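Note that this note's numbering has the sequence shown beginning at 1339, numbered continuously upward.
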Amino acid sequence: MNKDLQLREKIKQKLVDVKQKLGKDGNRLAFHLTPAVGLLNDPNGLIYFKGKYHVFFQWNPFETKHTFKAWGHVSSQDFIGWEVHPPALVPSEWYEKDGCYSGSAVEYNGKLYLFYTGNVRTEDGGRETYQCLAITEDGICFEKKGPVIELPEGYTTHFRDPKVWQEGEKWYMVLGAQTKSFEGSVVLYSSSDLLHWQLEGPLAGPGITLDDPFGFMWECPDFFLLNEKDVLVCSPQGLESEPYKYQNLYQSGYFIGDWDRKTKKFSHSKFQELDYGFDFYAPQTFTDGKGRRILIAWMGMGDEMEQHHPTVRDGWLHALTVPRELSIKAEKLYQQPIDELKMLRTNYYSEAFTLTNEKIEIGLNSDLQEIIINIDQFEGKKFSLQLPDRWKLTYTREQGIISFERTRFDTHEKETRHCLIESIETIHILQDRSSVEIFLNNGEKVFTSRYYSNNTHHSCVIAVDGSVAMQWQNWDLGSFSFQHHE
Ligand code: FRU
1339 MNKDLQLREK
1349 IKQKLVDVKQ
1359 KLGKDGNRLA
1369 FHLTPAVGLL
1379 NDPNGLIYFK
1389 GKYHVFFQWN
1399 PFETKHTFKA
1409 WGHVSSQDFI
1419 GWEVHPPALV
1429 PSEWYEKDGC
1439 YSGSAVEYNG
1449 KLYLFYTGNV
1459 RTEDGGRETY
1469 QCLAITEDGI
1479 CFEKKGPVIE
1489 LPEGYTTHFR
1499 DPKVWQEGEK
1509 WYMVLGAQTK
1519 SFEGSVVLYS
1529 SSDLLHWQLE
1539 GPLAGPGITL
1549 DDPFGFMWEC
1559 PDFFLLNEKD
1569 VLVCSPQGLE
1579 SEPYKYQNLY
1589 QSGYFIGDWD
1599 RKTKKFSHSK
1609 FQELDYGFDF
1619 YAPQTFTDGK
1629 GRRILIAWMG
1639 MGDEMEQHHP
1649 TVRDGWLHAL
1659 TVPRELSIKA
1669 EKLYQQPIDE
1679 LKMLRTNYYS
1689 EAFTLTNEKI
1699 EIGLNSDLQE
1709 IIINIDQFEG
1719 KKFSLQLPDR
1729 WKLTYTREQG
1739 IISFERTRFD
1749 THEKETRHCL
1759 IESIETIHIL
1769 QDRSSVEIFL
1779 NNGEKVFTSR
1789 YYSNNTHHSC
1799 VIAVDGSVAM
1809 QWQNWDLGSF
1819 SFQHHE
């Protein structure tokens, strides 16, 4: 049996072994993509192809660690009902033997082209990196074409995560890179046939578009035009934490600006973070049949907390965020959960109230909730929203700080993430068993986090120091459905 088949058989067997246990633990998310077993990280190859949304992801079916990496694969017509396919890529060839790493997808002449990084560990502890291509016509079975780009001069082997797009007749690719002086940057290639690639040079980074170093490696770049602005999304590693900024081990954010298509020069404003919660990394975007720019990220972080997620005991780890539609207002990216998620709504409840120096508790039916709060007026010092034993959001008006608190998975102490915000008009919460995504002011600022709780009582406690007039709306939410294919 060839290596590809062998690996696929091993993965199938692993899925058979865990079948009895699947979905039985209380932390398993209902309307987020999670790995059936093992570890999931970056979303990959997001594309709308032949009437279906395809989502691929970094997947280690064998353990909840970053060792083996294949591409898991699901597809959907509406982001609610999902088909689970066999892995799209397993690391069977010499040029990818230590992982089919992250990448992207494009459609060309009715075929789907996947670009990904072949990761190779050498005997002396070093690394090789190859940018590889695989093609499919049916969207399910991929034919590997091998490496199309080798490491250029001037960069270390931390050179990966190809994101490809088309402009006119030309194809472009951005890659996450580390220069020989250990600085993070993004490199641009072009092609006219997707097979032969030409190095255009660095697109952004220190000495190119920034004066100072900005981390030691930029992972998972993405470059796109939205509302007449060019946006470079990337995940820089090695940024020093600052008050209200860069609080996680690694960051994800964007530069907004203008890309001169003739000179290939990109000029941009300063880096802005995409999310302020504990678990958000390696986002990728794509456009769909309706012309929307949709972002999905890894709802996780490869930090010291990773192996302390209680789901590790149940054999799985991490999830993807819900898909979010992007827009730009005043040089800022806004993220909003896509409309399709409204199909999950049932049991609507709404109430308008004014609270003055008091605390109220609103009962919730379950831990699958969508909550939308419109703040009509707020005078005073602070207010907080809390799902007791789960998480707490506090707005401190004078300093304009919003804080998100959860319980650490290891020491069980409280830990917090903060960001600055001028005012709060809306709070939109998606609550899924052990995850929460909070969109403030229609997606101007977002907090994405996992948390774990044994509390079976569901409610939201609102406490106000001052006076607040708000409209509360909530819905119980349903679950995704999955159909498994061999
Ligand atoms: C980001 C990342 C990518 C890499 C992949 C490997 O989380 O480190 O740079 O391609 O994960 O799983």
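The beta carbon of each residue, even a glycine, is placed where N, CA and C say it ideally should be.
Small disclaimer: the values here were computed from a predicted structure and weren't measured.
Measuring alpha carbon to alpha carbon, tell me which of the options ends up nearest residue i.
i	options	result
residue 1461	1420, 1435 and 1468	1435
residue 1727	1631, 1691 and 1789	1789
residue 1714	1690, 1704, 1705 and 1496	1690
residue 1817	1722, 1704 and 1763	1704
residue 1633	1653, 1648 and 1676	1676
residue 1493	1440, 1340, 1554 and 1509	1554
residue 1478	1422, 1591 and 1571	1422
residue 1628	1692, 1663, 1608 and 1602	1663
residue 1601	1615, 1591 and 1539	1539
residue 1367	1751, 1755, 1491 and 1649	1649
residue 1739	1545, 1590 and 1754	1754
residue 1496	1464, 1798, 1408 and 1673	1464
residue 1403	1609, 1725, 1376 and 1358	1376
residue 1490	1515, 1510, 1508 and 1509	1515
residue 1801	1724, 1374, 1447 and 1545	1724
residue 1666	1692, 1411 and 1782	1782
residue 1809	1821, 1778, 1763 and 1780	1763
residue 1823	1447, 1771, 1412 and 1770	1412
residue 1694	1773, 1459 and 1720	1720
residue 1395	1534, 1380 and 1682	1380
residue 1551	1345, 1778, 1696 and 1518	1518
residue 1459	1439, 1447, 1589 and 1427	1439
residue 1643	1630, 1467 and 1616	1616
residue 1510	1683, 1599 and 1770	1599
residue 1799	1821, 1660 and 1730	1730
Within the same chain, show all residues whose beta-carbon is closer than 8 angstroms to that of residue i, passing over the 5 residues directly before and after it, in chain order.
i	result
residue 1686	1811, 1812 and 1813
residue 1406	1398, 1399, 1400, 1429 and 1437
residue 1340	1430
Beta-carbon within less than 6 angstroms of residue i's beta-carbon, same chain only, minus the 5 sequence neighbours each way: which residues are those?
i	result
residue 1473	1449, 1451 and 1481
residue 1586	1639
residue 1767	1709 and 1776
residue 1748	1646
residue 1613	1784 and 1786
residue 1718	1803, 1804 and 1805
residue 1819	1419
residue 1716	1806
residue 1542	1524, 1570 and 1604
residue 1791	1727 and 1728
residue 1444	1451 and 1502
residue 1681	1418
residue 1641	1587
Specify, as a first and last residue, the run of the beta strand (DSSP E) that residue i falls within.
i	result
residue 1505	1493-1505
residue 1603	1603-1606
residue 1744	1739-1745
residue 1569	1567-1575
residue 1516	1508-1517
residue 1632	1631-1637
residue 1465	1465-1474
residue 1643	Looking at the DSSP string, residue 1643 is not in any beta strand (DSSP E), and its letter there is neither H nor E.
residue 1733	1729-1734
residue 1757	1752-1758
residue 1596	1591-1598
residue 1798	1797-1815
residue 1651	Careful: residue 1651 lies outside any beta strand (DSSP E) and carries neither H nor E.
Since residue i and residue j are thought to touch, with beta carbons under 8 angstroms apart, how far apart are those beta carbons, to the nearest angstrom?
i	j	result
residue 1522	residue 1556	4 angstroms
residue 1636	residue 1671	Not a contact, Cβ separation roughly 17 angstroms.
residue 1593	residue 1579	The pair is not a contact, with the Cβ atoms about 20 angstroms apart (cut-off 8 angstroms).
residue 1618	residue 1384	That belief does not hold up - the Cβ atoms of residue 1618 and residue 1384 are roughly 16 angstroms apart, past 8 angstroms.
residue 1611	residue 1583	7 angstroms
residue 1622	residue 1382	7 angstroms
residue 1760	residue 1752	Not quite, the Cβ-Cβ distance comes to about 26 angstroms (not below 8 angstroms), so this is no contact.
residue 1441	residue 1454	3 angstroms
residue 1374	residue 1345	The pair is not a contact, with the Cβ atoms about 16 angstroms apart (cut-off 8 angstroms).
residue 1626	residue 1446	Their Cβ separation, rounded to whole angstroms, is 17 angstroms, which puts residue 1626 and residue 1446 out of contact at 8 angstroms.
residue 1797	residue 1702	6 angstroms
Looking at the secondary structure, which residues open and close the alpha helix (DSSP H) in which residue i lies?
i	result
residue 1342	1341-1356
Whose C-beta lies closer than 7 angstroms to the C-beta of residue i among residues of the same chain, with five residues either side of it excluded?
i	result
residue 1605	1547, 1595 and 1596
residue 1487	1469, 1527 and 1535
Quiz item: Between the stretch 1382-1399 and the stretch 1414-1429, are three or more C-beta pairs nearer than 8 angstroms?
Solution: At 8 angstroms Cβ cutoff, the stretches touch.
Self-check item: Inter-stretch contact (C-beta, 8 angstroms, three-pair minimum) for the stretch 1500-1515 and the stretch 1556-1566
Solution: Between the stretch 1500-1515 and the stretch 1556-1566 there are three or more inter-stretch CB-CB distances shorter than 8 angstroms, so the stretches are counted as touching.
Practice problem: Pair every Cβ in the stretch 1640-1660 with every Cβ in the stretch 1355-1363, then say whether three or more of these pairs are closer than 8 angstroms. | Solution: Judged by Cβ distances under 8 angstroms, the stretch 1640-1660 makes contact with the stretch 1355-1363, as three or more pairs qualify.
Quiz prompt | At least three beta-carbon pairs within less than 8 angstroms, the stretch 1529-1537 to the stretch 1563-1574 | solution = With the cut-off at 8 angstroms, the stretch 1529-1537 and the stretch 1563-1574 do not touch.
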